[in-house]
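As given, the protein sequences belong to chains A and B, one line each in that order. Heads up, the first sequence is in our numbering, so the first residue is 72 and it goes up one at a time. Heads up, the second sequence is in our numbering, so the first residue is 72 and it goes up one at a time.
Number of protein chains: 2
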Amino acid sequence: MERTKKITIQDVARYTNVSVGTIDRVIHNRGRVSPEKRKKVEEAIKKLNFNPNMLARTLALGNQFTVCALIPSVPSPGHYWSMPLQGLEMAAAQFKDYGIITEYFFYDLFDEKSFIKQAGKIAELEPNGVVLAPLFLQESKNFTEKLRKKGIPYIFIDADIPDDQSLSYIGPDVKQSAFIAGRLLNSVLPEKAEILIVNMVKGFENASAQRRIEKGFKDYFNKIGQEENKTIHTLTIQSTQKEEVFRELTKFYIKYPAIKGVFVTNSKAFLIAEFHRLHYLNIRLVGYDLVPDNMEQMKNGGIDFIISQSPVQQGKRAIQTLFDYFVWKKEPQKIQYVPLDIIICENLDFYINFNRHSQNGINNNQ
Amino acid sequence: MERTKKITIQDVARYTNVSVGTIDRVIHNRGRVSPEKRKKVEEAIKKLNFNPNMLARTLALGNQFTVCALIPSVPSPGHYWSMPLQGLEMAAAQFKDYGIITEYFFYDLFDEKSFIKQAGKIAELEPNGVVLAPLFLQESKNFTEKLRKKGIPYIFIDADIPDDQSLSYIGPDVKQSAFIAGRLLNSVLPEKAEILIVNMVKGFENASAQRRIEKGFKDYFNKIGQEENKTIHTLTIQSTQKEEVFRELTKFYIKYPAIKGVFVTNSKAFLIAEFHRLHYLNIRLVGYDLVPDNMEQMKNGGIDFIISQSPVQQGKRAIQTLFDYFVWKKEPQKIQYVPLDIIICENLDFYINFNRHSQNGINNNQ
DNA sequence: AACAAAAGTGTGGGCGCACACACAATTTAT
DNA sequence: ATAAATTGTGTGTGCGCCCACACTTTTGTT
Chain A
72 MERTKKITIQ
82 DVARYTNVSV
92 GTIDRVIHNR
102 GRVSPEKRKK
112 VEEAIKKLNF
122 NPNMLARTLA
132 LGNQFTVCAL
142 IPSVPSPGHY
152 WSMPLQGLEM
162 AAAQFKDYGI
172 ITEYFFYDLF
182 DEKSFIKQAG
192 KIAELEPNGV
202 VLAPLFLQES
212 KNFTEKLRKK
222 GIPYIFIDAD
232 IPDDQSLSYI
242 GPDVKQSAFI
252 AGRLLNSVLP
262 EKAEILIVNM
272 VKGFENASAQ
282 RRIEKGFKDY
292 FNKIGQEENK
302 TIHTLTIQST
312 QKEEVFRELT
322 KFYIKYPAIK
332 GVFVTNSKAF
342 LIAEFHRLHY
352 LNIRLVGYDL
362 VPDNMEQMKN
372 GGIDFIISQS
382 PVQQGKRAIQ
392 TLFDYFVWKK
402 EPQKIQYVPL
412 DIIICENLDF
422 YINFNRHSQN
432 GINNNQ
Chain B
72 MERTKKITIQ
82 DVARYTNVSV
92 GTIDRVIHNR
102 GRVSPEKRKK
112 VEEAIKKLNF
122 NPNMLARTLA
132 LGNQFTVCAL
142 IPSVPSPGHY
152 WSMPLQGLEM
162 AAAQFKDYGI
172 ITEYFFYDLF
182 DEKSFIKQAG
192 KIAELEPNGV
202 VLAPLFLQES
212 KNFTEKLRKK
222 GIPYIFIDAD
232 IPDDQSLSYI
242 GPDVKQSAFI
252 AGRLLNSVLP
262 EKAEILIVNM
272 VKGFENASAQ
282 RRIEKGFKDY
292 FNKIGQEENK
302 TIHTLTIQST
312 QKEEVFRELT
322 KFYIKYPAIK
332 GVFVTNSKAF
342 LIAEFHRLHY
352 LNIRLVGYDL
362 VPDNMEQMKN
372 GGIDFIISQS
382 PVQQGKRAIQ
392 TLFDYFVWKK
402 EPQKIQYVPL
412 DIIICENLDF
422 YINFNRHSQN
432 GINNNQ
């Protein structure tokens, strides 16, 4: 078909009888151009509908930006943190040719020392930007303070530290996610029922998130005026080890045998599901995150609902945001909540498949 | 920080003591290079980890691709089809500088003549690729046949024509979406209940999709062994006009006053919700698509679940797929199902907000 | 052997843009 | 008045890559 000739800076120059240099000057308005010509050029740009070719611009500028990502390591293939990582990598590939260089620093989810160590490395590198999952509260605060002093912008993913001067937070609205959990669990429970919230903590993870989840969950039942009908217990287990969890659960269920629904505030709902299955307990279960263990339990009916917080998106978005910030000088929104997907047995497969394949990415040709 | 010098074709040339021309020849293996040098170059590329800069390549090649999108027009701001369009536009902006030129052709959802007319225009233009929503079955078949003859690849979005030789289908798995609807409705219904499926058709839309939805919905109840407990009625209304719909509903509900749950197979669930509200009917309701009217009814409790089929994603994906096909010569998957999001009152806002803002897009800086 | 054809290789121009620099036309300072 | 600083403008080079073309060497043919 007849090609709509794309107009270049040269076309504008010819049209206005000035040199490309002048055009360039008015585009970047760095002065040195007479008012008349400037006006003529500006009009021509409008009239010809000229937009600079970003590829050429990027190529000509040739500047580079390094961004460091500080996230938990991925101990096993299907682990939760493989998903944000995947998103980061996809976006990194996409923007590679734009001069975005992405480096990854992994820390042990249960060892704040490793966090400090890796954070130190990043601080030393002095990158142009940082993406971090601030799972250790105090250590993260120390780190971001250092970054602030050096003038390095940083973005939180997955968990937030409110009131911190981060460039942006990209992750779930935890309170709302708890509301959803409440709603979902409530929908499959009888009018009157006892409910259990299970917290599992190990190490010194950013526990404020868990507390906010718990609160949101309870708030939901207040909000809908069900606080009379539903008794909500809380069980906090200082481990994610199966044996330990099972022991605590046994103890609890003996004491409170009337539990009809359970809400697990982290990605370990599958443990509870296993327990239920083992003891032939017919208890509704809601949990977080589309990890393989949870998917398996969902498929065989041990988990009723999974709330997924777009982990891949989070990674992608983070890089995207920094890219926009660096290259287009676009100030991001301070808070970027991601979709909270409700997963049930029936739509499970789509979420698995859709995110696997070359979701997007300019450059996924190898 | 010390910048990881990105290696170029020149570096490879210097390293291997051959000219860039030769390097270029082996990269695109278009022959004319002796076996020894070829080997040396290939090794060097591996060793130096050279990847060609896609920006430079695109710039140098300078070829253009026109893609035409044939979709329903957007009669009002919040209309369903504004969302796929939004996705198309976002992706179009993203790939503009890569030489992808996107043109839109709109047809009237209720007028197959307009479809034929617009399709004719596209055929005349002979673009490099086409994205179409094949809502008119026969007309679409005629169109794609013409495209096939001309060797123009095309992609279906939103609705599929099975067994057609399209490059790809990007849209929901309708059967599965109906399963989800069944599951959701069932979860909020008593053990024994009467259910109503409402079809609304106007004009000659691709009705096979609706039939597949209906079948999938019924299949779900068979699958879970509830066909005994649930009586499923079907009501087909030949209009989407409020008055007409209300009249038919009245007639139906008088005849079958025991209906406890309704499943609407298109995006007009809000009409049913209004009717229920008007007559103080406490009936559970499941429908499709996050259009403003539905959102409003969901907020005031008239709709329990909305299933959303990632409309924005569909548009984005379509352009992305053609881009990959043209520029990277990447053969797409024949079927690309999109996520089926389950929307409830509690997560509604996220879906609204998240898709509005610069979801992504290299080039959204103006 | 002589010469044509083919294979192998390097050079240079161009894609669209940014920017440094040279120079001309001012304006300002001395 | 002249030198100096300032403003206005054009030219040229390079970003990394692709490709047409000229050139050299090898191979094949009668």
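For glycine and all other residues, C-beta sits at the position ideal for the given N, C-alpha and C. Here the structure is a predicted model, which is why all the values come from computation and not from measurement.
#1: On the three-state DSSP scale, how would you describe His-347(B)?
#2: Would you mind stating whether Gly-242(A) and Val-409(A) have Cβ atoms separated by less than 8 Å?
#3: Verify the CB distance criterion: does Phe-443(A) have a CB-CB separation below 8 Å to chain B?
#4: Identify which residue in Phe-176(A), Thr-93(A), Ile-251(A) and Gly-373(A) has its Cα closest to the Cα of Leu-196(A).
#5: Short of 8 Å in beta carbon distance, which residues of its chain neighbour Ile-414(B), apart from the five on each side in sequence? Order them along the chain.
#6: Where Leu-457(B) and Lys-220(A) are concerned, what is the direct C-alpha to C-alpha distance, given to the nearest angstrom?
#7: Please state whether DSSP places Tyr-151(A) in a helix, a strand or coil.
#8: Using 10 angstroms around the beta-carbon of Gln-430(B), count the other beta-carbons present and answer buried if the total reaches 16, otherwise exposed.
#9: When you compare only the Cα positions, how much space is there between Gln-135(B) and Ala-252(A)?
#10: What residues of chain B sit near Phe-250(A), judged by a beta carbon separation below 7 Å?
#11: Using the beta-carbon count (16 or more within 10 Å), is Glu-114(A) buried or exposed?
#12: Using a 10 Å radius around the Cβ and a threshold of 16 neighbouring Cβ atoms, would you call Lys-184(A) buried or exposed?
#13: Using the Cα positions of Val-272(A) and Ser-338(A), report the straight-line distance between them to the nearest angstrom.
#14: Check whether the Cβ of Arg-254(A) lies closer than 8 Å to any Cβ atom in chain B.
#15: Could you please tell me which residues of the stretch 135-168 of chain A, in chain order, have their CB closer than 7 Å to any CB of chain B?
#16: What are the start and end residues of the beta strand (DSSP E) that includes Leu-356(A)?
#17: For Leu-411(A) and chain B, any beta-carbon pair shorter than 8 Å?
#18: Give the single residue among Gly-200(A), Asn-122(A) and Lys-326(A) whose Cα lies nearest to the Cα of Ile-78(A).
#19: Can you tell me the Cβ-Cβ gap for Ser-248(B) and Gln-404(B), rounded? I've got them flagged as a contact below 8 Å.
#20: Out of Ala-230(A), Lys-167(A), Gly-296(A) and Leu-141(A), which one is the CA nearest neighbour of Lys-188(A)?
#21: In whole angstroms, give me the CA-to-CA distance for Leu-349(A) and Ile-228(A).
#22: Nearest CA to the CA of Ser-144(B): which residue from Leu-208(B), Leu-203(B) and Leu-306(B)?
#23: According to the Cβ coordinates, are Lys-246(A) and Arg-283(A) closer than 8 Å?
#24: Of the choices Ala-230(B), Lys-313(B) and Gly-158(B), whose alpha-carbon is the least far from that of Asp-244(B)?
#25: Taking buried to mean at least 16 other C-beta atoms within 10 Å of its own C-beta, is Arg-427(B) buried or exposed?
#26: In the DSSP assignment, find the alpha helix (DSSP H) that holds Glu-285(B) and state where it starts and stops.
#27: Please decide whether Ser-239(A) counts as near chain B, where near means a Cβ-Cβ distance under 8 Å.
#28: For Leu-130(A), which residues in chain B fall below 9 Å Cβ to Cβ?
#29: Could you list which residues in chain A have their beta carbon closer than 9 Å to that of Gln-247(B), in chain order?
#30: Just list the residues that DSSP pairs Gln-407(B) with in beta bridges.
#31: Going by DSSP, which residues form a beta bridge with Thr-137(A)?
#32: Can you name the residues of chain B whose CB is closer than 8 Å to the CB of Ser-90(A)?
#33: Scan the stretch 257-269 of chain B for residues whose Cβ lies nearer than 8 Å to a Cβ of chain A and list them as they occur along the chain.
#34: For the beta strand (DSSP E) containing Ser-185(A), name the first residue and the last one.
#35: Bridge partners of Phe-376(A), per DSSP?
#36: Excluding the five sequence neighbours on either side, which residues of its own chain have a C-beta within less than 7 Å of the C-beta of Lys-263(A), listed in chain order?
The answer reads as follows:
#1: As a position in the second sequence, residue 347(B) is number 276, starting the count at 1. Correct three-state label for His-347(B): helix.
#2: As a position in the first sequence, residue 242(A) is number 171, starting the count at 1. As a position in the first sequence, residue 409(A) is number 338, starting the count at 1. The beta carbons of Gly-242(A) and Val-409(A) sit closer together than 8 Å.
#3: For chain A, the structure presents residues 72 to 437; residue 443(A) sits outside this window and is missing.
#4: Translated into the one-based positions of the first sequence, residue 196(A) becomes position 125. For Leu-196(A), the closest of Phe-176(A), Thr-93(A), Ile-251(A) and Gly-373(A) by C-alpha to C-alpha distance is Phe-176(A).
#5: Counted from its first residue, the second sequence places residue 414(B) at position 343. Short of 8 Å from the beta carbon of Ile-414(B), and not among the five residues preceding or following it, lie these beta carbons of its own chain, in chain order: Leu-361, Met-369, Phe-376, Ile-377, Ile-378, Ser-379 and Tyr-422.
#6: Because residue 457(B) is not part of the residues shown, which for chain B are 72 to 437, the question remains open.
#7: On the first sequence, residue 151(A) is found 80 positions in, with the first residue counted as 1. Coil.
#8: The residue you call residue 430(B) lines up with position 359 of the second sequence. Residue placement at Gln-430(B) is flagged as unreliable, the pLDDT there being 39, under the threshold of 50; the coordinate-derived value follows with that caveat. Residue burial annotation: Gln-430(B) is buried, with at least 16 other C-beta atoms found within 10 angstroms of its C-beta.
#9: Position 64 of the second sequence holds residue 135(B). Position 181 of the first sequence holds residue 252(A). In this structure, the alpha-carbon of Gln-135(B) lies about 49 Å from that of Ala-252(A).
#10: In the first sequence, counting from the first residue as 1, residue 250(A) sits at position 179. Chain B residues near Phe-250(A): Glu-417.
#11: As a working note, residue 114(A) is residue 43 in the first sequence. It counts as exposed.
#12: Against the first sequence, residue 184(A) aligns to sequence position 113. Burial call: exposed.
#13: Residue numbering aside, residue 272(A) sits at position 201 when the first sequence is read from its first letter. Residue numbering aside, residue 338(A) sits at position 267 when the first sequence is read from its first letter. The C-alpha of Ser-338(A) is placed about 11 Å away from the C-alpha of Val-272(A).
#14: One-based indexing of the first sequence puts residue 254(A) at position 183. Any Cβ of chain B closer than 8 Å to the Cβ of Arg-254(A) would place that residue at the interface, and such an atom is present.
#15: Residues passing the 7 Å Cβ filter: Gln-135, Thr-137 and Asp-168.
#16: The residue labelled residue 356(A) in the question sits at position 285 within the first sequence. Leu-356(A): member of the beta strand (DSSP E) spanning 355-359, first to last residue.
#17: In the first sequence, residue 411(A) corresponds to position 340, counting from 1. Cβ-Cβ to chain B under 8 Å: yes for Leu-411(A).
#18: Position 7 of the first sequence holds residue 78(A). Cα-wise, what sits closest to Ile-78(A) is Asn-122(A).
#19: The count along the second sequence starts at 1 and reaches residue 248(B) at position 177. The count along the second sequence starts at 1 and reaches residue 404(B) at position 333. Contact flag wrong, Cβ pair sits at about 19 Å.
#20: As a position in the first sequence, residue 188(A) is number 117, starting the count at 1. Nearest to Lys-188(A) by C-alpha distance, out of Ala-230(A), Lys-167(A), Gly-296(A) and Leu-141(A), is Leu-141(A).
#21: Locating residue 349(A) in the first sequence gives position 278, where the first residue counts as 1. Locating residue 228(A) in the first sequence gives position 157, where the first residue counts as 1. Each residue's Cα considered, the two are about 36 Å apart.
#22: Mapped onto the second sequence, residue 144(B) falls at position 73. Distances from the alpha-carbon of Ser-144(B) to those of Leu-208(B), Leu-203(B) and Leu-306(B) put Leu-203(B) closest.
#23: Stepping through the first sequence from its first residue, residue 246(A) is reached at position 175. Stepping through the first sequence from its first residue, residue 283(A) is reached at position 212. Contact: yes.
#24: In the second sequence, residue 244(B) corresponds to position 173, counting from 1. Nearest of Ala-230(B), Lys-313(B) and Gly-158(B) to Asp-244(B), Cα basis: Ala-230(B).
#25: Here residue 427(B) refers to the residue found at position 356 of the second sequence. Bear in mind that a pLDDT of 40 at Arg-427(B), under 50, signals an unreliable position, so the model cannot answer this.
#26: By one-based count along the second sequence, residue 285(B) stands at place 214. Run containing Glu-285(B): 278-294, per the alpha helix (DSSP H) assignment.
#27: Mapped onto the first sequence, residue 239(A) falls at position 168. Taking 8 Å as the threshold, the shortest C-beta distance from Ser-239(A) to chain B does not fall below it.
#28: For this step, residue 130(A) is matched to residue 59 along the first sequence. Asn-124, Leu-126, Ala-127 and Leu-130, listed in chain order.
#29: For the purposes of this step, residue 247(B) is taken as the residue at position 176 of the second sequence. What Gln-247(B) touches in chain A, judged by beta-carbon distance under 9 Å, is Glu-417, Asn-418, Asp-420 and Phe-421, going in chain order.
#30: By one-based count along the second sequence, residue 407(B) stands at place 336. The bridge partners DSSP lists for Gln-407(B) are Ile-241(B).
#31: If you number the first sequence from 1, residue 137(A) lands on position 66. Partner(s): Ile-172(A).
#32: If you number the first sequence from 1, residue 90(A) lands on position 19. Chain B residues near Ser-90(A): none, gap ~22 Å exceeds 8 Å.
#33: Residues are counted here when their Cβ sits less than 8 Å from a Cβ of chain A; for the stretch 257-269 of chain B these are Ser-258 and Val-259, given in chain order.
#34: Counted from its first residue, the first sequence places residue 185(A) at position 114. In the DSSP assignment, Ser-185(A) falls outside any beta strand (DSSP E) and within the unbroken alpha helix (DSSP H) covering 183-196.
#35: Counting from 1 along the first sequence, the entry for residue 376(A) is found at position 305. Paired residue(s): Val-357(A).
#36: Counted from its first residue, the first sequence places residue 263(A) at position 192. Here Lys-263(A) has Asn-300 as same chain residues with Cβ atoms under 7 Å from its own Cβ, once five neighbours each way along the sequence are excluded.
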